[in-house]
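Read through the structure below, which is laid out as C-alpha coordinates, and then see the notes.
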Amino acid sequence: MGLFVFLTVKYDYIMKAEYQEDYNLSYQLTEEMLKDLAHKDFSAGAVVSGALTAVLYRLMLGSQDPQTVLGTIAGAMGQAAIRMEIGDEILKDGPSEEVH
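See the structure below:
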(Lines of atoms letter the chains of each structure in order from A and count residues from 1; the text may use other names and numbers.)
(Lines give C-alpha, C1' and ligand atoms only; values in the text may rest on other atoms or scores of the structure.)
Protein backbone atom coordinates (compact mmCIF):
# COMPACT_ATOMS: atom_id res chain seq x y z
CA MET A 1 0.00 0.00 0.00
CA GLY A 2 2.93 2.37 0.55
CA LEU A 3 3.44 2.87 -3.19
CA PHE A 4 -0.26 3.68 -3.67
CA VAL A 5 -0.10 6.22 -0.86
CA PHE A 6 3.03 7.87 -2.30
CA LEU A 7 1.66 8.02 -5.84
CA THR A 8 -1.72 9.30 -4.70
CA VAL A 9 -0.30 12.02 -2.46
CA LYS A 10 2.08 13.02 -5.27
CA TYR A 11 -0.88 13.10 -7.71
CA ASP A 12 -2.88 15.29 -5.31
CA TYR A 13 0.05 17.66 -5.01
CA ILE A 14 0.38 18.19 -8.76
CA MET A 15 -3.36 18.17 -9.56
CA LYS A 16 -4.51 21.54 -10.81
CA ALA A 17 -6.70 23.41 -8.34
CA GLU A 18 -9.65 23.43 -10.74
CA TYR A 19 -9.51 19.63 -11.03
CA GLN A 20 -9.07 19.14 -7.29
CA GLU A 21 -12.29 21.06 -6.71
CA ASP A 22 -14.11 18.93 -9.32
CA TYR A 23 -12.70 15.77 -7.74
CA ASN A 24 -13.78 16.76 -4.23
CA LEU A 25 -17.30 17.70 -5.37
CA SER A 26 -17.70 14.44 -7.28
CA TYR A 27 -16.47 12.41 -4.31
CA GLN A 28 -18.78 14.19 -1.86
CA LEU A 29 -21.89 13.89 -4.06
CA THR A 30 -21.26 10.23 -4.82
CA GLU A 31 -20.63 9.42 -1.15
CA GLU A 32 -23.86 11.20 -0.17
CA MET A 33 -25.83 9.30 -2.83
CA LEU A 34 -24.42 5.95 -1.69
CA LYS A 35 -25.22 6.73 1.96
CA ASP A 36 -28.76 7.81 1.05
CA LEU A 37 -29.42 4.62 -0.90
CA ALA A 38 -27.95 2.48 1.88
CA HIS A 39 -30.37 4.06 4.36
CA LYS A 40 -33.37 3.27 2.13
CA ASP A 41 -33.15 -0.51 2.54
CA PHE A 42 -31.30 -1.10 -0.73
CA SER A 43 -28.62 -3.76 -0.82
CA ALA A 44 -25.34 -1.97 -0.05
CA GLY A 45 -23.41 -4.41 -2.24
CA ALA A 46 -25.76 -3.95 -5.18
CA VAL A 47 -25.70 -0.16 -4.82
CA VAL A 48 -21.90 0.04 -4.72
CA SER A 49 -21.54 -2.50 -7.54
CA GLY A 50 -23.96 -0.55 -9.73
CA ALA A 51 -22.20 2.74 -9.03
CA LEU A 52 -18.80 1.20 -9.73
CA THR A 53 -20.05 -0.31 -12.99
CA ALA A 54 -21.42 3.06 -14.12
CA VAL A 55 -18.18 4.84 -13.24
CA LEU A 56 -16.03 2.24 -15.00
CA TYR A 57 -18.26 2.42 -18.07
CA ARG A 58 -17.89 6.23 -18.19
CA LEU A 59 -14.15 5.94 -17.66
CA MET A 60 -13.72 3.45 -20.48
CA LEU A 61 -16.03 5.40 -22.78
CA GLY A 62 -14.14 8.65 -22.29
CA SER A 63 -10.56 7.37 -22.24
CA GLN A 64 -8.25 7.45 -25.22
CA ASP A 65 -6.25 4.38 -24.25
CA PRO A 66 -6.05 1.52 -21.73
CA GLN A 67 -3.15 3.18 -19.88
CA THR A 68 -5.38 6.12 -18.97
CA VAL A 69 -8.03 3.77 -17.63
CA LEU A 70 -5.50 1.80 -15.57
CA GLY A 71 -3.82 4.95 -14.28
CA THR A 72 -7.13 6.42 -13.19
CA ILE A 73 -8.16 3.19 -11.47
CA ALA A 74 -4.78 2.98 -9.68
CA GLY A 75 -5.13 6.59 -8.51
CA ALA A 76 -8.65 5.94 -7.25
CA MET A 77 -7.51 2.81 -5.42
CA GLY A 78 -4.76 4.84 -3.79
CA GLN A 79 -7.23 7.51 -2.70
CA ALA A 80 -9.54 4.86 -1.26
CA ALA A 81 -6.63 3.26 0.61
CA ILE A 82 -5.64 6.60 2.10
CA ARG A 83 -9.20 7.33 3.18
CA MET A 84 -9.43 3.92 4.84
CA GLU A 85 -6.04 4.23 6.52
CA ILE A 86 -6.00 7.82 7.76
CA GLY A 87 -9.49 9.16 7.09
CA ASP A 88 -10.86 12.14 5.24
CA GLU A 89 -9.59 14.80 7.65
CA ILE A 90 -6.02 14.71 6.35
CA LEU A 91 -7.19 15.38 2.78
CA LYS A 92 -9.29 18.48 3.44
CA ASP A 93 -6.51 21.06 3.54
CA GLY A 94 -4.36 19.61 0.79
CA PRO A 95 -0.84 18.25 1.07
CA SER A 96 1.38 19.23 3.95
CA GLU A 97 5.07 19.07 4.54
CA GLU A 98 4.49 17.10 7.74
CA VAL A 99 5.44 13.42 7.68
CA HIS A 100 2.55 11.15 8.60
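Take any residue in the sequence shown, note its place counting from 1, add 44, and you have its number in this note's numbering. For every residue, glycine included, the Cβ atom is placed at its ideal position computed from N, Cα and C.
{"query": "Contact between the region 66-78 and the region 90-101 (3+ Cβ pairs under 8 Å)", "result": "yes"}
{"query": "Inter-residue spacing [alpha-carbon to alpha-carbon] between E129 and D109", "result": "31 Å"}
{"query": "Cβ neighbour criterion (16 or more within 10 Å) applied to Q64", "result": "exposed"}
{"query": "Beta-carbon separation (whole angstroms), V113 vs M104, contact threshold 8 Å", "result": "6 Å"}
{"query": "Whole-angstrom C-beta distance between A95 and T74, which should lie under 8 Å", "result": "7 Å"}
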